[in-house]
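Take 7 as the starting number for the sequence shown in our numbering and just add one per residue.
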Amino acid sequence: MDEVLDVGAASGDELAVRDSEGPGAGAEAPAHRPRAEWRRRQIIDAATSVMEREGFHRTSMAAVAEAAGISVGLIYQYVQNKEDLLQLVLLDVLEDFRAALPAATKGIDDPIERLARVFDAYCTVIDLRHRALVLAYRETRTLAPEGRKRVMDAERGKLGPFVTAIEDAAARGTMEVEDPTLLAYTLVMSAHAWALKHWFLSERATLDEYRRHQLGLVLRASLTPEALDHYKALL
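This is the structure:
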């Protein structure tokens, strides 16, 4: 993620040196978190909130700085312009997926169990970052072609744990699948719906109920008859 910042590949310590301004609104950075990382999170959260409310084109760096409780000049130590700021927000969400999905399946050999775990982790990130995901849907087209490509490449990368689990299940004869990637994207898009239609879905089901329902739909359609009985606890 650091490559999208104005400071390039600088380390956290180098960023902390550059971040000479004290925390906004009288707040103090948590002792366990490097100042640069904490400041970066402040800026991302503020940018997400302002851009979601105002839209990318109406958002100003001054408004983001005010929301973050810092100076405009400090933001420019982290990004070069407003498009960089949007890209930082979008890639940050994708980085959450990249970190959470492999961790969720560590040590799990059974591919169906892995698929269930990775979908569970994916939905959890969606729930935590649903405002940023809606922003991604709305504003990715605003990025320059190079920025869009980076976001799209990062999004393709998060499919890996889904596809691998599905391919492994098909190889073991527990799933019948024509295209593992399409089936993986079916699960991804059903998770995205939790963010895009959160106002409706959250009134009808909890997150746990929703993800169990969506995973059940996919498993019922793709598991072999013998596997359906074996994995009925997931349905």
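All C-beta atoms in this analysis are idealised placements derived from N, C-alpha and C, irrespective of residue type, glycine included.
*Consult DSSP for L229 and reduce its assignment to one of helix, strand or coil.*
Taking the first residue of the sequence shown as position 1, residue 229 is located at position 223. Correct three-state label for L229: strand.
*Mark Y128 as exposed unless 16 or more other C-beta atoms lie within 10 angstroms of its C-beta, in which case mark it buried.*
Taking the first residue of the sequence shown as 1, we reach residue 128 at position 122. By the Cβ neighbour-count rule, Y128 is buried, with 16 or more other Cβ atoms within 10 Å of its own.
*What is the residue span of the alpha helix (DSSP H) that Y128 lies within?*
One-based indexing of the sequence shown puts residue 128 at position 122. First-last of the alpha helix (DSSP H) with Y128: 117-134.
*asked:* Is L202 near the ligand FAD - that is, is its Cβ less than 8 Å away from at least one heavy atom of it?
replied: As presented, the structure is devoid of all ligands, the ligand FAD included, so that no description of it is given.
*So what does M181 bridge to, in DSSP terms?*
The residue you call residue 181 lines up with position 175 of the sequence shown. L229.
*Outcome for S196 when other beta-carbon atoms lying within 10 angstroms are tallied against a minimum of 16*: The sequence position of residue 196 within the sequence shown is 190, counting from 1. Classification of S196: buried, given that the 10 Å Cβ count is 16 or more.
*asked:* Output needed for E58: all residues of its chain with C-beta closer than 6 Å, excluding positions within five of it in sequence on either side, in chain order.
replied: Working through the sequence shown from its first residue, we reach residue 58 at position 52. R137, L141.
*asked:* On the criterion of 16 or more Cβ atoms from any shown chain inside 10 Å, does W200 qualify as buried, or is it exposed?
replied: For the purposes of this step, residue 200 is taken as residue 194 along the sequence shown, with counting starting at 1. By the neighbour-count rule (16 or more Cβ atoms within 10 Å), W200 is buried.
*Residue of R64, L107, A122 minimising C-alpha distance to R217*: Position 211 of the sequence shown, counted from the start, is the residue given in the question as residue 217. Ranking the options by Cα distance to R217, first place goes to A122.
_Top-ranked residue by Cα proximity to L229, from D102, G163, I118_ = Residue numbering aside, residue 229 sits at position 223 when the sequence shown is read from its first letter. Out of D102, G163, I118, the CA that lies nearest to the CA of L229 is found in I118.
*Flag this pair as yes or no: are the beta carbons of K164 and R104 separated by less than 9 Å?*
If you number the sequence shown from 1, residue 164 lands on position 158. If you number the sequence shown from 1, residue 104 lands on position 98. Yes, they are a contact pair.
*Euclidean distance between Cα positions of L91 and L134*: Here residue 91 corresponds to residue number 85 of the sequence shown, with the count starting at 1. Here residue 134 corresponds to residue number 128 of the sequence shown, with the count starting at 1. Going from the Cα of L91 to the Cα of L134 covers about 20 Å.
*Keeping to the same chain, check which residues put their C-beta closer than 6 Å to that of T256; ignore five residues upstream and five downstream.*
The question about residue 256 has no answer, for the chain in this structure spans 7 to 241.
*Roughly how many angstroms separate the alpha carbons of S66 and A52, rounded to a whole number?*
As a first step, residue 66 must be located in the sequence shown, where it is residue number 60. As a first step, residue 52 must be located in the sequence shown, where it is residue number 46. Rounded to the nearest angstrom, the two C-alpha atoms are 12 Å apart.
*Span of the alpha helix (DSSP H), counted from its first residue to its last, around T111*: As a position in the sequence shown, residue 111 is number 105, starting the count at 1. Taken as a continuous stretch (DSSP letters only), the alpha helix (DSSP H) holding T111 covers 88-111.
_Buried or exposed (CB count within 10 angstroms, at least 16 for buried), A177_ = For the purposes of this step, residue 177 is identified with residue 171 of the sequence shown, where counting begins at 1. By the 10 Å Cβ count, A177 comes out exposed.
*Sorted by chain position, which residues of the same chain lie with C-beta nearer than 6 Å to R120's C-beta, five sequence neighbours on each side aside?*
The residue given as residue 120 occupies position 114 in the sequence shown. Closer than 6 Å at the Cβ level, and outside the excluded window around R120, lie T111, I114, A171.
*State yes or no: is the C-beta of L193 within less than 9 Å of the C-beta of F168?*
Residue 193 sits at position 187 when you count from the first residue of the sequence shown. Residue 168 sits at position 162 when you count from the first residue of the sequence shown. Taking 9 Å as the Cβ cut-off, L193 and F168 qualify as a contacting pair.
*From A190 to G79, what distance separates their C-alpha atoms?*
Here residue 190 is taken as the residue at index 184 of the sequence shown, counted from 1. Here residue 79 is taken as the residue at index 73 of the sequence shown, counted from 1. When rounded, the distance between both Cα atoms is 43 Å.
_G153 in three-state terms, based on DSSP_ = Numbered from 1 along the sequence shown, position 147 holds the residue referred to as residue 153. Reduced to three states, the DSSP call for G153 is helix.
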